Amino acid sequence: MKVLKRLESSKNTWIVLFVLILFFLLRLPSFFEPYWYGDEGVYQAVGMAVRDNKLLYKDIWDNKPPLIYVVYSVFNSNQFGVRVVSLLFGISSVFIFFLLAKTLFKDTKNFKIYFFSTLVFALLFGLPIIEGNIANAENFMLLPILAAGFLIFITSSIPTYKPSHHKKSSNSYLIPNTYYRILFLSGFLLGIAFLFKVVATFDFVAFLAFIAIVALPQKPKITNIKQFLKQIALFPVGLLSPILLTALFFIFKGGFNDFLQAVFLQNIGYVGYENTFIIPQGLILLKLILLLAFVFYIFKIRKILSLTAIFILVWFAFSLFNAFFAQRPYSHYLLVLAPSFSLMLGLILWDQKHKKAIASFLIVSALFILNNFYFFSKPITYYQNFTDFIANKKSVSEYQGFFDKRTPIDYEVASFLKSRLNDNDSMFVWGNNPQLYKLVNVVPPTKYVAAYQITNYQESVANTIETLERVQPRFIVITSNPESMPLSLFDYSAGVRINGAIIYERIF
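Going letter by letter, the sequence shown gives residues 47 to 554 in the numbering used here.
The following block contains the structure:
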């Protein structure tokens, strides 16, 4: 018996080791990518400003919670360093996913099921198809979400009620302290994920719905609901703890209103833009109705479902809602769906009784995903580009141009500017390639670092003009749509043109 257990343990070790090595190899080329991706460019510019003691949201702006900028600022926006950290987060995520899959499918003697699910997740997260190679907010938030999901599921094996021998009433119950600690820790982890991106809220609600489906009776009464809310109170407390600490930091620094506007209020318009259907936000309302109907259906049929099926189905439904929440086609939104999607594939193999229904639900969902999202369509040539470059079969410019034809231009512009900028000189970039600030190692002089940020809000135009008149940067670099720039170039001369980019130098 001991020999069999050792063999099983050894088998699991080799499974994990194989998948982690594969994941590392898939991510390896990302360390050597040029500075090219727009979102990372924003994080890099903002991270440099934060490191230069500018207050986030008040002095330097973007619309995500603060942790992604903290990560970039710690590494001075060095892309290699940030992506190494992203790899470590990814490796840890794959490992936690393996533990979760093994726990969910624990009743099977066939290790191939949890190995298959883990392998699919590692491929989705490691390949560039849904931008696993980019150090975006989703890449960091998956680790705390997976850890929270693992903890939440193991609470289902903890006896929620325990007869009390310390009270006279036979209806009195005690709940193990372990249950409360796990709930608080799970909520806290989701609070950390929230501080990377607010959509972690949907994972919180998904796990809360799972607990409710498992804990509440078929026809809950007010007393049942009150008792349930009392039991799970530490879960939202855990979620709110890091968020409130962050809010207190900005209150102390005098930037709370800017924090509130950027992270919460301004995102309402962003989400609502593509979700108009008959009425503003009408499409969100429709998706929410479908989600609630599905969760209610799972609640009604829970007696014929296993805890594993309930957990995966509910989490997948909320993750699907999450991915479609903004109704935009950006592939990195699908990273939040990768864990539950991979588990759904395992569930089809594991739940023989309901596999047809589960497979049908997954196929319909996959068709919607394929029809609504962009995907990186060149995964093979991505790796070929890397191998050709390290084998000296491609020039640096050809290698950079694979990612974006404008990338070599950015590097040419940066090279020109670095040779002319003095230590105290500043520059302003009008374009949607704020990575130029990092390439030149100049902190952005303005609150807004990309042209789309400035043009989206009227107050940002006025703020940018006022700042530039005060700072008077030595260089203004226009890389896109010069006719849309609302800034005066009266004191500047168009000194150099580099493949469409225009560099204006101040006349002293």
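Don't be surprised by glycine CBs; every beta carbon is placed ideally from N, CA and C.
Quick caveat: nothing in here was measured; it's all calculated off a predicted structure.
| Item | Value |
| --- | --- |
| Collapsed DSSP secondary structure at Gly-546 in the structure displayed | coil |
| Candidates Tyr-538, Leu-485, Ser-352, Pro-385: closest to Asn-368 by CA position | Pro-385 |
| At least three beta-carbon pairs within less than 8 Å, the stretch 141-154 to the stretch 352-359 | yes |
| Which listed residue (Phe-186, Pro-190, Gly-136) has its alpha carbon closest to that of Leu-169 | Gly-136 |
| Closest residue to Thr-224 among Val-459, Phe-371, Ser-465, Leu-280 (Cα-Cα distance) | Leu-280 |
| Where Asn-545 falls, given that 16 or more other Cβ within 10 Å makes a residue buried | exposed |
| Same chain, Cβ closer than 6 Å to Tyr-160, five either side skipped, listed in chain order | Ala-147, Lys-148, Phe-151 |
| Leu-254 versus Phe-274 - alpha carbon distance | 11 Å |
| For Phe-521, the residue or residues it bridges with in DSSP | Met-473, Glu-551 |
| C-alpha distance - His-378 paired with Pro-112, whole-angstrom precision | 19 Å |
| Other residues of its chain near Phe-121: CB distance less than 6 Å, five sequence neighbours each side excluded | Gly-127, Val-128 |
| Collapsed DSSP secondary structure at Tyr-376 in the structure displayed | coil |
| Contact the stretch 251-270 vs the stretch 296-313: 3+ CB pairs below 8 Å | no |
| Rounded Cβ spacing between Tyr-81 and Leu-485 (contact assumed at less than 8 Å) | 6 Å |
| Inter-stretch contact at 8 Å, needing at least 3 Cβ pairs: the stretch 230-246 / the stretch 277-295 | yes |
| Completely contained beta strand (DSSP E) runs for the stretch 227-258, where each covers 3 or more residues | none |
| Residue closest to Leu-236, alpha-carbon to alpha-carbon, out of Pro-263, Met-187, Lys-265 | Met-187 |
| C-beta atoms of Asp-108 and Val-92 nearer than 7 Å | yes |
| Between the CA atoms of Val-475 and Asn-527 - distance to the nearest angstrom | 12 Å |
| Where the alpha helix (DSSP H) through Met-531 begins and ends | Looking at the DSSP string, Met-531 is not in any alpha helix (DSSP H), and its letter there is neither H nor E. |
| Phe-422 beta carbon less than 7 Å from that of Pro-375 | no |
| Pro-174 burial status per 10 Å Cβ neighbour count (16 or more: buried) | buried |
| Alpha-carbon spacing of Phe-157 relative to Thr-59, whole angstroms | 12 Å |
| Which of helix, strand or coil DSSP assigns to Phe-323 | strand |
| Sub-7 Å separation of Gly-541 and Ile-549 beta-carbons | yes |
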